[in-house]
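Anchor point for the sequence shown: position 16 equals 205 in my numbering, and the numbering is continuous, going up by one each time.
The C-beta atom is built at its ideal place from N, Cα and C for all residues, glycine as well.
Below is one structure, written out as structure tokens; the observations come after it.
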Amino acid sequence: MSAFNICLKPSRWYQAGLLLLAVLPVLIMALTPAPWPVLLLLAALCLWFYSSWYARFQASHATAQLTLQQDRLHWFVPALGSATLCQGGVVSQHMLKLCWRQDNSQHPAQLWVFADQCSDSEFRALARAVNQCNWPGGC
Numbered sequence: 190m191s192a193f194n195i196c197l198k199p200s201r202w203y204q205a206g207l208l209l210l211a212v213l214p215v216l217i218m219a220l221t222p223a224p225w226p227v228l229l230l231l232a233a234l235c236l237w238f239y240s241s242w243y244a245r246f247q248a249s250h251a252t253a254q255l256t257l258q259q260d261r262l263h264w265f266v267p268a269l270g271s272a273t274l275c276q277g278g279v280v281s282q283h284m285l286k287l288c289w290r291q292d293n294s295q296h297p298a299q300l301w302v303f304a305d306q307c308s309d310s311e312f313r314a315l316a317r318a319v320n321q322c323n324w325p326g327g328c
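See below:
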């Protein structure tokens, strides 16, 4: 397998899902009759929800660059260094879950990659690598 240079750009699907999720608490509060104490509690929960939502929304604008060679990943942006793919990845038509372990760490990391974040050939290469790691004796 040859090496692939992959540039992951922000996913429009993920950002659209986050925007739809942002509307949900407002709709629930507007359409559900509740007394004032319950509404105040819900407003406090909404503050927590929107603060964590905003952090996810800002993180969704980040790009990543990596090189994939067989079961090895080398991250350039962000500069995470080398890693090895590990079992636990999931592949579907529209997204995949990339699981890897840094060379200097025993803890696995994961990243959801949507199909619109990279070209079709790059997405297929990532999917192929994830599937090969999930086979018995693959990685």
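Count the other C-beta atoms from every protein chain shown that fall within 10 angstroms of the C-beta of Trp-301, then say buried if there are 16 or more, exposed otherwise. Around the beta carbon of Trp-301, fewer than 16 other beta carbons sit within 10 angstroms, so the residue counts as exposed.
Top-ranked residue by Cα proximity to Ala-244, from Ala-223, Pro-226, Val-266 and Gln-204: The shortest Cα separation from Ala-244 among Ala-223, Pro-226, Val-266 and Gln-204 belongs to Gln-204.
Extent of the continuous alpha helix (DSSP H) to which Gln-204 belongs: Run containing Gln-204: 201–220, per the alpha helix (DSSP H) assignment.
Three CB pairs or more closer than 8 Å across the stretch 262–281 and the stretch 312–319: Yes, the stretch 262–281 is in contact with the stretch 312–319.
At what residue ranges does the stretch 219–283 contain a whole run of the alpha helix (DSSP H), taking only runs of 4 or more? Here the runs fully enclosed are 225–248.
Take every Cβ of the stretch 231–242, pair it with every Cβ of the stretch 210–219, and state whether three or more of those distances are shorter than 8 Å. Under the Cβ criterion (8 Å, minimum of three pairs), the stretch 231–242 counts as touching the stretch 210–219.
What residue from Cys-196, Pro-297 and Leu-209 has the CA that sits closest to Ala-272's CA? Of Cys-196, Pro-297 and Leu-209, the smallest CA-CA separation from Ala-272 is found for Pro-297.
Specify the secondary structure class of Ala-304 as computed by DSSP and reduced to three states. Annotated three-state conformation of Ala-304 is helix, per DSSP.
Once DSSP output is grouped into helix, strand and coil, what is the label at Ala-192? Taken through DSSP and simplified to helix, strand or coil, Ala-192 comes out as coil.
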